[in-house]
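Note sheet for the following structure.
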Amino acid sequence: MDRTFVVKAANLRAAANACASRSRHGLLAMFACDERAQSGCYAIYCLFDGRWPDGLTTVKGLVPADGPLEFPSLTPVIPAAAWYEREIYDMFGVKPVGYPELRPLVLHENWPEGVHPLRKDFDARQEVPTAADRPFLMLHAHGEGVFEVPVGPIHAGIIEPGHFRFSQAGESIIRLDAKLFFTHRGIEKAVEGLTPDAALPMVERICGVCAVSHALSFSQAVEGMTGTVIPERARWIRVLAAELERLYNHVGDIGNLGAGLGFAVAVSNGARLKEGLLRLNEAVTGNRYLRGMVVPGGVAMDATAELRQAIDEALAAFEPDFAELVGLFKENDAFLDRVNTTGVLPFTAARELGVVGVAARASGVDWDMRRDKPYGGYGELDFAVPVRRSGDVAARLWVRVDEVHQTVRLIRQALERIAASGPELAASVPAAAAGSTGAGWSESARGANVHWLMMGEDNRIWRYFARSASYANWPALTVAAPGNIIPDFPLINKSFELCYACLDR
Amino acid sequence: MSAVEMLTQLVFSLGQAAVLAAAAPLTAGVIKTAKARLQSRRGPGVLQPYRDLAKFLRKGSVVSPTTSWLFAAAPGIYFAAAAGAAALTPVAAALVPGRGAGFADLFMLLYLFALGRFFLALASLDAGSAFGGMGGSREMFIAVLAEPAILLALLTVALPAGGTGLAAMAAAAAGRSWDLAAMFAAGAFFLVLIAETGRIPVDNPDTHLELTMVHEGMILEYSGRPLGLIHWAVAIKQLVMMTLFAALFLPGGPSDWPAAAQAALLAAKVAAVALALALAETLTNKMRLFKVPAFMAVAGVLALLALVAQ
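Chains A and B are the protein sequences, given in the same order.
Just so you know, this note's numbering puts 260 at position 260 of the first sequence, and the rest follows in order with no gaps.
Just so you know, this note's numbering puts 59 at position 59 of the second sequence, and the rest follows in order with no gaps.
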């Protein structure tokens, strides 16, 4: 059950701080909603994991549209709010007062001043002149011998666009700032006015490699809002799909870490293993990236006995291969020399910034949505949450390795549960009442993906917000990189496995 | 030396430079293919570097407007230095005693490489991009460390030869046996070879990660024909270093063999070195940049041990 506290904007900081101090994890997401049509206010929502085990705690601050469009910034007391508040300022023009050095995040220098695309009176179909030349401030370091290295947004490899500004003293990184959101797609805006079913294909495509997790979070938000209970078989098939997604992601990421330090054998072995898993995905769902499986109300496809056996056999073949891949890293001094003590994210920084997923668990933050806010049947399954404390590249690698073993266990349990469950795959989802809200979350390979929905008339989406794991983790990179040398940056970056598309939703 | 003798030497030197320049891309292709096979990939085939070169040399080039004449001149100088070094390599001397490279000594060879590197490093700063500067600074950092190690290693051959003339060194090396000193010296030069040819664990020739690049970072601003010239020069320099290694540090082959048999033996040795490089690149990963001094120190110590053991 979700609990919501509604406060005046002026009291937002006090209320949020109280909720944060009673939460285990803290701030999960923060966003605004244009509710001028309903209440004449902009609403600022803050989602916390809260003190109750069965749902989130929401603080809703109301900013009257006829008054000054501002609210007290949470960032000075809750650093995790930093990016959310910059985004709210960009997208709604509601200003966080007291934010240290407020600057744009999503909208770059070419976007005209005073145009806030998530306001309801902004028509998504209009053409926006993008010839503006606003200042886009990036953080620097000053001093004798300090120079700047600008990298990107176009890179030598085939990766997504991101601009990094390193302040350097020789090879050492003093400060790092990133300019991202180059290919923002406006998915949150585009699904407004659609029914949840029509919105799903777009939501599923927020990120290529978190398709299941995003679809799952979204579906759970819809189901929670409408009181839909999904059939048992669907629950276990969802667990199966979500864990298959984690499996291919982790295996690919583990092998790909070698690319950061020119360890080609690991890269090609990881790629081979990942390809096998992608083909398994295709056999199970007809899509290598598991798209189209999770739908609001249940799942779209069955995991038949033959498929279950194919998965079981694939896992049996996978395990020794994976042990071989891990063997390439373990007790390999040349490799360990590069990853140990490189790119340390300290525990306090991970906690304060609200870092999630593998990155958090490698820095000693013992937090996993599957265990701590159980959803979709995970509460009944037997698995451990691996945690390491050193916070370096190695810790993030070993957490992934440990999680792969847990994921294999989970898949086997899901297969048994599917075999023992009834044949029904999906329940029908009733239309949601106007004004109803719901949150859904799932633990992807990168961490918690949190989705939030508010419905308008006729079962159409009024506001949709997606907080991906990468959104929470990107700021951690600017903490982990300084103090290292710049040739180690690609390795550090790879160990976080951050996603650009998850930001450009 | 008579005029006819000098002319013969010149023909030999130019001829071997042409042969080495023509064979250099093949060596690069062999290393690449061997690496691919070791990593359970198929690889593009040993002739791919020729196709790449042909493509580069046909293409136009984009030049930053902020560059000076240095940027335009550097690829030519770099290529000329590499081709010059190829002419001085004691290949003919290793095959036919007393033929070719009679006038070259090892300092001339090494400082031809240094000359090329100097101009390429200047050119890397010329365009003003951060990657070029980083690459140039790293290249010089590694070069400073590699130079004493390479000299020490070569001295282990120069001492028994009684001079630094390359022809004399090759002749002395051919008659050498596989003793402890030779093994130490070969080990030292192999480590230097890895550093000088920009291979793992010192540099990664196949990376697309700008921030980790050394040599590739230096030439990031180049495109088209100048880039092709640099790639070709790099391949020539690599083959020259490998040939030096094979001729001076891998003894073997009775000196009374005919020249053709000697040539085949030398080619086989170079191929073996190529495979060894591919294997070394597959077995390990790139080391942290600031561990390179320790790596070069090992090469230096091995060379010293070889000198002592002689």
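For every residue, glycine included, the Cβ atom is placed at its ideal position computed from N, Cα and C.
Bear in mind that the values here come from a model prediction, so they are computed numbers and not experimental data.
With 16 other Cβ atoms within 10 Å as the buried cut-off, status of A/His142 = Of the other Cβ atoms in all chains shown, fewer than 16 fall within 10 Å of the Cβ of A/His142; this residue is therefore exposed.
Can you pull the chain B residues whose beta carbon is under 7 Å from the beta carbon of A/Leu261, in chain order?
-> From the beta-carbon of A/Leu261, the residues of chain B found nearer than 7 Å are Asn285, Lys286.
Whose C-alpha, out of B/Tyr222, B/Ala143, B/Met108, B/Gly162, is nearest the C-alpha of B/Ile194?
-> Closest option to B/Ile194, Cα to Cα, is B/Ala143.
In chain order, what residues of the same chain lie with their CB nearer than 8 Å to the CB of A/Ile173, ignoring the 5 residues before and after it?
-> Same-chain partners within the cutoff: Phe166, Ser167, Ala481, Pro482, Gly483, Asn484, Ile485, Ile486, Phe489.
So A/Val6 is in the beta strand (DSSP E); what residue range does that whole segment cover?
-> From DSSP, the beta strand (DSSP E) with A/Val6 extends over 3-8.
If you draw a straight line from the C-alpha of A/Lys274 to the C-alpha of A/Ser268, how long is it?
-> Rounded to whole angstroms, A/Lys274 to A/Ser268 spans 10 Å at the Cα level.
Are the Cβ atoms of B/Ile31 and B/Leu277 separated by less than 7 Å?
-> The Cβ-Cβ distance between B/Ile31 and B/Leu277 falls below 7 Å.
Check whether the Cβ atoms of B/Ala235 and B/Pro25 sit closer than 7 Å, and answer yes or no.
-> In this structure, B/Pro25 lies closer than 7 Å to B/Ala235 by Cβ.
Find out if the Cβ-Cβ distance for the pair A/Ala476, A/Val393 is shorter than 7 Å.
-> No, the pair does not count as a contact, with Cβ atoms beyond the cut-off.
Of the residues B/Asn204, B/Leu151, B/Ser68, B/Glu221, the one placed nearest B/Ala185, counting alpha carbons only = Shortest Cα-Cα distance from B/Ala185 to any of B/Asn204, B/Leu151, B/Ser68, B/Glu221 involves B/Leu151.
Which ranges does the alpha helix (DSSP H) cover as unbroken runs of at least 4 residues, wholly within the segment 211-263 of chain A, from first to last along the chain?
-> Listed in chain order, the complete alpha helix (DSSP H) runs (minimum 4 residues) inside the segment 211-263 of chain A are 211-226, 232-256.
Beta carbon of A/Tyr42, beta carbon of A/Ala29: below 7 Å?
-> Taking 7 Å as the Cβ cut-off, A/Tyr42 and A/Ala29 do not qualify as a contacting pair.
Using a beta-carbon distance cut-off of less than 8 Å, what residues from the segment 229-244 of chain B approach chain A?
-> Answer in chain order: no residues at all.
If you pair each beta-carbon of the segment 229-243 of chain B with each one of the segment 11-29 of chain B, do three or more pairs fall below 8 Å?
-> The segment 229-243 of chain B vs the segment 11-29 of chain B: in contact.
Would you call A/Asp49 buried or exposed, if buried means 16 or more other Cβ atoms sit within 10 Å of its Cβ?
-> Buried is the call here.
Expressed to the nearest angstrom, what Euclidean distance is found between the alpha-carbon atoms of A/Ala414 and A/Gln220?
-> Their Cα atoms are separated by approximately 19 Å.
B/Thr27: first and last residue of the uninterrupted alpha helix (DSSP H) it sits in = Its alpha helix (DSSP H) spans residues 3-38.
Take the Cβ of A/Arg86 as the centre, count every other Cβ of all protein chains shown within 10 Å, and call the residue buried at 16 or more, exposed below.
-> So A/Arg86 ends up on the buried side.
Check whether the Cβ atoms of A/Ala20 and A/Phe5 lie closer than 7 Å to each other.
-> Contact flag unset, no.
Out of A/Asp321, A/Glu232, A/Gly227, which has the shortest C-alpha to C-alpha gap to A/Arg272?
-> Here the closest residue by C-alpha is A/Asp321.
Three or more C-beta pairs closer than 8 Å, one from the segment 180-192 of chain A and one from the segment 379-397 of chain A: is that the case here?
-> Result no; under three Cβ-Cβ pairs closer than 8 Å.
Kindly indicate which three-state DSSP category A/Gly40 falls into: helix, strand or coil?
-> DSSP places A/Gly40 in coil when its eight states are reduced to three.
Measure the Cβ-Cβ separation of A/His451 and A/Phe181 and say whether it is below 7 Å.
-> It is not a contact, given that the beta carbons lie outside the stated cut-off.
Can you grab the Cα-Cα spacing for the pair B/Gln16 / B/Ala247, in whole Å?
-> Computed Cα separation, rounded: 14 Å.
If the cut is a Cβ gap below 7 Å, which residues of chain B does A/Phe489 touch?
-> Annotation: Cβ neighbours of A/Phe489 in chain B (cutoff 7 Å, chain order): Leu211.
Simplified DSSP state of A/Pro64, which is helix, strand or coil | The DSSP-derived three-state label of A/Pro64 is strand.
Three-state class that DSSP yields for A/Lys179 in the structure shown | Looking at A/Lys179 - three-state DSSP - the assignment turns out to be strand.
Would you call the segment 208-225 of chain B and the segment 156-173 of chain B touching, i.e. three or more CB-CB distances under 8 Å?
-> Counting C-beta pairs with one atom in each stretch, the segment 208-225 of chain B and the segment 156-173 of chain B have fewer than three that are closer than 8 Å, which means they do not touch.
In or out: A/Glu528 buried (at least 16 other Cβ within 10 Å) or exposed?
-> Past the edges of chain A, shown from 1 to 505, lies residue 528 of chain A, and the structure says nothing about it.
Helix, strand or coil: which one does DSSP assign to A/Lys120?
-> Coil.
Pull up the CB-CB distance for A/Met293 and A/Ala241, whole angstroms please, since I reckon it's below 8 Å.
-> Rounded to the nearest angstrom, the Cβ distance from A/Met293 to A/Ala241 is 5 Å, consistent with a contact under 8 Å.
If you draw a straight line from the C-alpha of A/Gly262 to the C-alpha of B/Pro205, how long is it?
-> Each residue's alpha carbon lies about 9 Å from the other.
From the beta carbon of A/Ile173, is the nearest beta carbon of chain B less than 7 Å away?
-> No, no contact with chain B.
Quick one: does B/His215 have its CB under 7 Å from some CB of chain A?
-> Using a Cβ-Cβ cut-off of 7 Å, B/His215 does not count as an interface residue toward chain A, since no Cβ of chain A sits closer than that to its own.
Anyone know if the C-beta pair for A/His155 and A/Val404 falls short of 7 Å?
-> No, Cβ-Cβ distance for A/His155 and A/Val404 is not below 7 Å.
Skipping 5 residues on each side, what residues in its chain have a beta carbon closer than 8 Å to that of A/Gly364?
-> Phe347, Ala350, Val387, Arg388, Arg389, Gly391.
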